[in-house]
Amino acid sequence: MRGEFRRWRRAVVLAVAGVLTMAGVAGANVALTQVSADPYTNPTSQHATELEPDTFAYGGTVVAAFQVGRFFNGGASDIGVVRSGNGGASWDAPGFLHDTFNSGNASSPYERVSDPSVAYDAAHGVWMVSSIPLLPNTSVPTVFVNRSTDDGQTWGPAISIPPPVSNSVDLDKNWTACDNNASSPFRGHCYTELDNFGDGDLELMSTSTDGGLTWSVPIRTDGNDKGLGGQPVVQSSGRVVVPFESLNGTISAFHSDNGGASWSRGFKVSGIRFHGVAGGLRTSPLPTAEIAADGTVYVAWEDCRFRKGCTSNDIVFSKSSDGVSWTDPARVPIDDVTSSVDHFIPGLAVDPTTSGSGTHLALTYYFYPNANCGGACRLDVGYISSPDGGAHWGDATQLAGPMALSEIANTSQGPMVGDYISTSFSGSKATTVFAVGHEATTAAFDEAMYSPGRLSVASAAQATHVSSSAGTFGAVGTGETHHALKND
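In terms of our numbering, the sequence shown opens at residue 206 and continues consecutively.
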């Protein structure tokens, strides 16, 4: 029934251990818990596949949302949701939002859904999952927001954000965040970023002031900025900073100081230099953004500027106190710049209780041990952390893999684990959920959501790897057109 969070009761908890030692990655013996699996059988999408998760934590509650039953040419049969009440140590049975006719909602005009994003509104006590629904012709006329008022245990029906004023509406890449700052004059405002592919990827923002029940008509920035993948974060003053990937080859950011009534033009964070990932894997230098207790905004993305000849990507990051002026990008020292490792699809977490030189960072990412792997690429998941705002980092740890690209969903833009992943802090520990593929035995695929539990941040004594902004090679800022990511 629409509007009722129907839990899938099949037992899916599965402990696995992935152990592999390689250059740049500490040997790991990490127990993964399978937290969900694709229950659908519709012939139009690929089963069993789950991918592209976002997580958000507030207190001890962590909610993750992800695509379920991926279509080759965009979207998925449903959005899956899992909840932890103890900071990611264990997970409740998975559930599904049922907003498409492929997920059992016969009254829905929508065939598919995509791009889940999780947020929490502390002022109204509401969890939210935003997503984009696809009509059978794959166009996207609105953004969905599903709400939970019982700490993520059950979910209501989708609420539609009004379409923007435009002659051509085809929306993409939503992301939602709420102002939970006690001192903010706009506490309880929630903000959803989206772009209108039908209008040249025009960046847009919509605002809710009533716990996600109603939303404003999306408005453009003062600079009519174009791009995608914006991730809003909110400072204690109420300033909302939205880093995004622009279409002119930069990471940029715009902001609002009036509760979303208007938005500034985009300010350049940095140019992008991007190494095309082997094996046709679907990826792009989309930003991942988080904020510390002192209001410092951190943004990270994949970039090859520190590699001679742009032979592989590192994860780089920049930070800002105001969203206007940004530090030079620094390289996360996962391995040496002469290594063969290619790093991509980062999910950054910042402990919101830490600040200054004591800011705790946690980063989950995918990687190839060998960037030049051709048709033999094997995909892994890594984790690394910093106890001092990114100045020093501990050893990297492998969380999952290796997995063959044939073991993950295929799309018109290549094999896919997600255009993004996510990491969140609950207490002093980080937690994440990510897609892992295995060799299938009964279905076409065996790609599902897994969690490594609660992850520690490196101590000062363990953080021996120094981050640096020095040693870049070649021109930076020659970005590519990322329209291929439409309808992810």
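From the three backbone atoms N, C-alpha and C, an ideal C-beta is built for every residue, glycine too.
DSSP three-state call for residue i: helix, strand or coil?
i       : result
Asp-404 : helix
Leu-452 : coil
Cys-148 : Nothing about residue 148 can be reported from this structure: the residues present for the chain run from 206 to 693 only.
Phe-678 : coil
Phe-306 : helix
Glu-644 : coil
Cys-515 : helix
Ser-629 : strand
Ala-666 : coil
Ala-596 : coil
Gly-292 : coil
Ser-457 : strand
Ser-562 : helix
Ala-653 : strand
Met-609 : The question names Met, but residue 609 is Ala in the sequence shown. DSSP places Ala-609 in strand when its eight states are reduced to three.
Gly-484 : helix
Gly-580 : helix
Ser-673 : strand
Asp-283 : strand
Asp-585 : strand
Asp-541 : coil
Gly-197 : Outside the displayed span of the chain (206 to 693) sits residue 197, for which this structure offers no information.
Gly-232 : Confidence in Gly-232 is poor, its pLDDT being 48 and thus under 50, which makes the residue's placement unreliable; the coordinate value appears in the next sentence. Coil, per DSSP.
Glu-209 : Because Glu-209 carries a pLDDT of 29, less than 50, the predicted location of this residue cannot be relied on, and no value is offered for it.
Ala-697 : Not covered by the structure: residue 697. The range shown for the chain is 206 to 693.
Gln-603 : strand
Phe-522 : strand
Gly-300 : strand
Would you please state the rounded distance, in angstroms, between the beta carbons of residue i and residue j? I believe it to be under 8 Å.
i       : j       : result
Val-439 : Asp-384 : 4 Å
Val-334 : Ala-281 : In fact, because the Cβ distance is near 13 Å, the residues do not count as touching under 8 Å.
Arg-659 : Thr-636 : 6 Å
Pro-607 : Arg-583 : 4 Å
Val-235 : Thr-602 : 7 Å
Thr-339 : Val-348 : Reading the sequence as shown, one finds Leu at residue 339 and not Thr. Between Val-348 and Leu-339 the Cβ distance is about 12 Å, and since that is not below 8 Å, they are no contact.
Gly-484 : Pro-620 : 7 Å
Gly-393 : His-329 : 6 Å
Gly-561 : Ser-526 : That pair is no contact at about 11 Å.
Ala-327 : Tyr-263 : 7 Å
Lys-378 : Leu-418 : The pair is not a contact, with the Cβ atoms about 23 Å apart (cut-off 8 Å).
Phe-630 : Thr-569 : Between Thr-569 and Phe-630 the Cβ distance is about 12 Å, and since that is not below 8 Å, they are no contact.
Ala-665 : Asp-593 : 7 Å
Is the distance from the Cβ of residue i to the Cβ of residue j below 9 Å?
i       : j       : result
Lys-431 : Ile-456 : no
Val-521 : Trp-531 : no
Glu-398 : Trp-380 : yes
Glu-316 : Gly-285 : no
Ala-756 : Val-537 : Look at the range of the chain in this structure, 206 to 693, and you will see that residue 756 is not part of it.
Asp-259 : Ile-496 : no
Asp-404 : Val-445 : no
Ser-591 : Ala-668 : yes
Trp-296 : Val-350 : no
Val-240 : Pro-299 : yes
Asp-519 : Phe-479 : no
Val-504 : Pro-490 : no
Arg-288 : Ala-311 : no
Thr-238 : Tyr-655 : yes
Asp-355 : Leu-376 : no
Terminal residues of the continuous beta strand (DSSP E) containing residue i?
i       : result
Ser-322 : 317–326
Lys-431 : Element bounds for Lys-431: n/a, residue is neither H nor E.
Cys-383 : 376–383
Ile-613 : Counting along the chain, Ile-613 falls outside any beta strand (DSSP E), and DSSP gives it neither H nor E.
His-548 : 547–555
Gly-274 : 266–275
Val-240 : 235–241
Met-621 : Per DSSP, Met-621 belongs to no beta strand (DSSP E) and is neither H nor E.
Leu-339 : 331–339
Ala-494 : 493–496
Ile-364 : 364–366
Ser-475 : 472–476
Thr-637 : 634–637
Does any residue of chain D bring its CB to less than 9 Å from the CB of residue i?
i       : result
Gly-292 : The question asks about chain D, but that chain is absent: this structure has only one protein chain.
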